[in-house]
Amino acid sequence: MANKFTGIGSESKQLATWYFTFAAIIFGAQLLFGLVAAIQYVMPGFLFEVVDFNVARMIHINALVVWMVFAMFGSVYYLLPDETGIETIGIKIGKLLFWIFAAAIVVVVLVYLLVQVGPATETTIWFINEGREYIEAPRWADWGIVVVALGFVANLWLTGMSGKRSGIVTVLMADMIAFAGLYLAGMFFTDNIVMDQYWWWWVIHLWVEATWEVFVGAIAAYGLITMIGASRKVVEMWLWIEVAMLFGSGILGIGHHYFWIGTPEYWWEIGALFSALEPLPLVAMFIHVMYDWGKQQGKQNASGEVVSVINNKPAFLWFWMNAFGNFLGAGIWGFFHTLPQVNLYTHGTQFTSAHGHLAFFGAYATILIGMMYIAVQGKNGIKVLKHTKSSIWAVSMIVGGVMGMTIALTIAGYVQVLVSRAQMGATWAGYFDGQQGVWFAQAMDWRLLMGVITFLGFIFLVKDLLSTGKNPVHER
Amino acid sequence: MANKSVWSDNRFWQRSAAWVTGFASVLLIWLTFDTMGQIAIGTDADLQSGVTKRVPGPTVINYKISYEMSTKRGHEVPVIGEKEKFFGRDDYSEEEAGALLHLGKLGSQAKNCMNCHTLLGNGAYYAPDLTKAWLDPAWQDGGTMQAMTGKSTKEEAMAEFLQHPSTYPTHSRMMPNLGITAQEAKGLVAFLKHMSSIDTNGFPRNFGRMQGAVNGK
Chain R
1 MANKFTGIGS
11 ESKQLATWYF
21 TFAAIIFGAQ
31 LLFGLVAAIQ
41 YVMPGFLFEV
51 VDFNVARMIH
61 INALVVWMVF
71 AMFGSVYYLL
81 PDETGIETIG
91 IKIGKLLFWI
101 FAAAIVVVVL
111 VYLLVQVGPA
121 TETTIWFINE
131 GREYIEAPRW
141 ADWGIVVVAL
151 GFVANLWLTG
161 MSGKRSGIVT
171 VLMADMIAFA
181 GLYLAGMFFT
191 DNIVMDQYWW
201 WWVIHLWVEA
211 TWEVFVGAIA
221 AYGLITMIGA
231 SRKVVEMWLW
241 IEVAMLFGSG
251 ILGIGHHYFW
261 IGTPEYWWEI
271 GALFSALEPL
281 PLVAMFIHVM
291 YDWGKQQGKQ
301 NASGEVVSVI
311 NNKPAFLWFW
321 MNAFGNFLGA
331 GIWGFFHTLP
341 QVNLYTHGTQ
351 FTSAHGHLAF
361 FGAYATILIG
371 MMYIAVQGKN
381 GIKVLKHTKS
391 SIWAVSMIVG
401 GVMGMTIALT
411 IAGYVQVLVS
421 RAQMGATWAG
431 YFDGQQGVWF
441 AQAMDWRLLM
451 GVITFLGFIF
461 LVKDLLSTGK
471 NPVHER
Chain Z
1001 MANKSVWSDN
1011 RFWQRSAAWV
1021 TGFASVLLIW
1031 LTFDTMGQIA
1041 IGTDADLQSG
1051 VTKRVPGPTV
1061 INYKISYEMS
1071 TKRGHEVPVI
1081 GEKEKFFGRD
1091 DYSEEEAGAL
1101 LHLGKLGSQA
1111 KNCMNCHTLL
1121 GNGAYYAPDL
1131 TKAWLDPAWQ
1141 DGGTMQAMTG
1151 KSTKEEAMAE
1161 FLQHPSTYPT
1171 HSRMMPNLGI
1181 TAQEAKGLVA
1191 FLKHMSSIDT
1201 NGFPRNFGRM
1211 QGAVNGK
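Keeping their order, the protein sequence lines are chains R and Z. Numbering (our numbering) for the first sequence: 1 to 476. Numbering (our numbering) for the second sequence: 1001 to 1217.
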């Protein structure tokens, strides 16, 4: 039977590594097309009418969603045998669905790149792109995603019901069914743009500010048990508290997207109140990681044996970055502009983009990279996985690069808010007055530079993930 | 067991999580029902009898739209005024106007507008927000765009620009040619005009005020 250190022999863990590998490739695509878009801000003629900003940006954000979903599926397939004590049920179907999913993604991206846009007909919505930010995937692919997600949820449920159903598995079972079901809210066409955006936010917000956050809570719980031997009882109690806090604030926090899209005024109060509470669970999650780490290390030290309790250094560092980055990117940067009095001016500016970059990275990219390191450890039967030069360079450059981009975009956002919005009244001319300001232009130069640093860090990350398993430095 | 506190009991927190999630979900669903009623698209009869809807019917393209400060609500709101010609007509039927809006909304998705522009403030930040684009001073009589495109009405100027965007560069950052046909352009302009009539609770603030034009007039 599989245990915490050996993924060897488990088909579920093998499938997890497939998911992680494909996720890493798509992660690379996300960064490359992000660079194209960043270059276009600095040099607008770059690839003009070849790969325009709309195409580059669409691939940038779609690749983001897709690699994260792949890595999330991978994480679940990885931890299921450990948690339930049995091999994942329906693993053969899981493997088949992986290939269907991966092939569909490749086709979708090729069509984005080669066809790009179509005539104003339903056919375009069905076969080229749906033109709705984050969920641009054409309708045929939507149905494919629904089938694959249902297969994944079925595997998770069947395994959870047959094996040992831990608190972590119970949370994941409930969370993943909501995650898959919410996608349906984004699969219809309407002439009414207000109705369109109302339901569109059910997918986007209830994913990233509710179900995905709960997923992260469950993965963090698994990571703490696996990496530092934290007490399951304590970790799972925290997990339930986090679920209550995350869903309690996040579900109605959706109101902060309903301030200005044509929806009634009462969303001002509801959105402001509940979204202002959203950072609280993120603070709690950070404290939880620090507390458990200190407690376990203290216990170890008290026994007279002064060695680290962490059995996977790079993974734990990424999990720590997650705990802090989630709080900073989603919590602080989100709270900056969540009150309607502020959001009236910041809505639709680079401010949102700054928050988006740090939140997606801090809340999700970090912990999923951490899970990839846990899989490398398991796959190679390593007892203590240590840092290498590459793992240190990777984390430093990626974290530094994303922080740098976030700060640059925040400054660009300030310029936009003050010049284009407050001073110039948000018109076409006002928009370009802001864009052409020296501070805005400098911020965009810095963003590009920091983007390049992030990409170089990604190369170190890939190198490390591919090679560290064979490195003799680790304890086996 | 008697001394065990409920605050460190996993089952207590599990139940709390279920109750909190259930309560929040029920409240969201209830509010959604209310919102659905308020954001349903209006009808031609509403427009003729002066009933204000948050999202007016498609025949709003037959009317003049402006964006004016409401002292009662403390922010600007769209105001639907007298009849105004749109591509030479102000008598579009509900079906005709609905078909134009349908074409325009489909076009806005098929041409991926949202990955450069923002619509109702959502989308990408590479190009101007389109929420009140119809009311932008640049497109009005005497604005720069009518002169540049050689057209004498704003709808014709907008349609011409949409079909040949890189022929009329306004900045080094240009809109690419997206293969928009004349009919699609007409639909897109109808979609933009309709969007400008949506009550967005005062977003964007002060729109058009700083350009010499008063409230989009």
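Just so it is clear, CB atoms sit at the ideal spot from N, CA and C, and this is done for glycine as well. Just so it is clear, the structure is predicted and the values come from calculations on it, not from any experiment.
Restricting attention to R:Trp99, R:Val50, R:Met195, R:Met424, the CA atom closest to the CA of Z:Gln1038 is found in R:Met195. Distance from the Cα of R:Met397 is smallest, within the candidate group R:Phe458, R:Gly378, R:Phe360, for R:Phe458. Z:Glu1155 is positioned such that its CB atom lies no closer than 8 Å to that of Z:Phe1203. Against chain Z, a Cβ distance below 9 Å from R:Ser353 picks out Ala1124, Tyr1125. Within the segment 1148 to 1163 of chain Z, no residue has its Cβ closer than 8 Å to any Cβ of chain R. Any Cβ of chain R closer than 8 Å to the Cβ of Z:Ile1080 would place that residue at the interface, and such an atom is absent. Neighbours of Z:Ile1039 in chain R, taken as residues at a C-beta separation under 9 Å, are given in chain order as Asn192, Val194, Met195, Tyr198, Ile261, Gly262, Thr263, Pro264.
Identification of chain R residues near Z:Asp1046 by a Cβ-Cβ cut-off of 7 Å yields none; the smallest Cβ-Cβ distance measures about 14 Å. In the DSSP annotation of this structure, the continuous segment of the alpha helix (DSSP H) that includes R:Pro340 starts and ends at 340 to 346. Listed in chain order, the positions of the segment 303 to 322 of chain R with a beta carbon within less than 8 Å of a beta carbon of chain Z would be empty, since no residue qualifies.
For the 8 Å CB-CB criterion, R:Asp191 and Z:His1075 do not form a contact.
A direct Cα-Cα distance of roughly 29 Å separates R:Phe351 from Z:Thr1144. The closest CA to that of R:Glu209, considering only R:Met371, R:Trp318, R:Leu182, is found on R:Leu182. The CB of Z:Arg1205 comes closer than 9 Å to the CB of Leu344, Tyr345, Arg421, Ala422, Gly425, Ala426 in chain R, given here in chain order.
Judged by pairs of C-beta atoms under 8 Å, the segment 1147 to 1163 of chain Z does not touch the segment 368 to 381 of chain R, as fewer than three such pairs exist. Boundaries of the alpha helix (DSSP H) harbouring Z:Ser1108: 1094 to 1110, taken from the DSSP string.
Across the structure, R:Asn311 and R:His256 are spaced so that their CA atoms are roughly 41 Å apart.
Distance from the CA of Z:Asp1091 to the CA of Z:Asn1062, rounded to the nearest whole angstrom, comes to 6 Å. A Cβ of chain Z is located within less than 8 Å of the beta carbon of R:Val243. At least one beta carbon of chain R lies nearer than 8 Å to the beta carbon of Z:Trp1013. In the displayed model, Z:Thr1118 falls within a strand according to three-state DSSP. Between R:Leu79 and R:Tyr258, the C-beta gap is not smaller than 8 Å, which leaves the two residues out of contact.
Sequence-distant partners of Z:Trp1139 (beyond 5 residues in either direction) whose C-beta falls short of 8 Å from its own C-beta, in its chain, are Ala1133, Met1145, Gln1146, Lys1154, Ala1157, Met1158. As summarised for the segment 1025 to 1083 of chain Z, the continuous alpha helix (DSSP H) elements at least 4 residues long and confined to that stretch are 1044 to 1048, given in chain order.
For R:Ala29, the uninterrupted alpha helix (DSSP H) segment begins and ends at 11 to 42. In the structure shown, the three-state DSSP call for R:Leu273 is helix.
Here the segment 402 to 414 of chain R lies against the segment 355 to 367 of chain R, with 3 or more beta-carbon pairs under 8 Å apart. By the beta-carbon neighbour count (other beta carbons within 10 angstroms, threshold 16), R:Gly304 is exposed. In the three-state reduction of the DSSP assignment, R:Val111 falls in the helix class, which pools H, G and I. With its beta carbon less than 8 Å from one in chain Z, R:Lys233 belongs to the interface. Taken through DSSP and simplified to helix, strand or coil, R:Gly451 comes out as helix.
Just measuring C-alpha positions, the residue of R:Tyr345, R:Phe188, R:Val306 sitting nearest Z:Lys1105 is R:Phe188. Secondary structure note for R:Arg139: its alpha helix (DSSP H) is the uninterrupted segment 139 to 162. When secondary structure is reduced to three states using DSSP, R:Glu475 falls in the strand class.
At least one C-beta of chain R is nearer than 8 Å to the C-beta of Z:Lys1105. With contacts defined by Cβ atoms closer than 8 Å, R:Met58 and R:Glu136 form a contacting pair.
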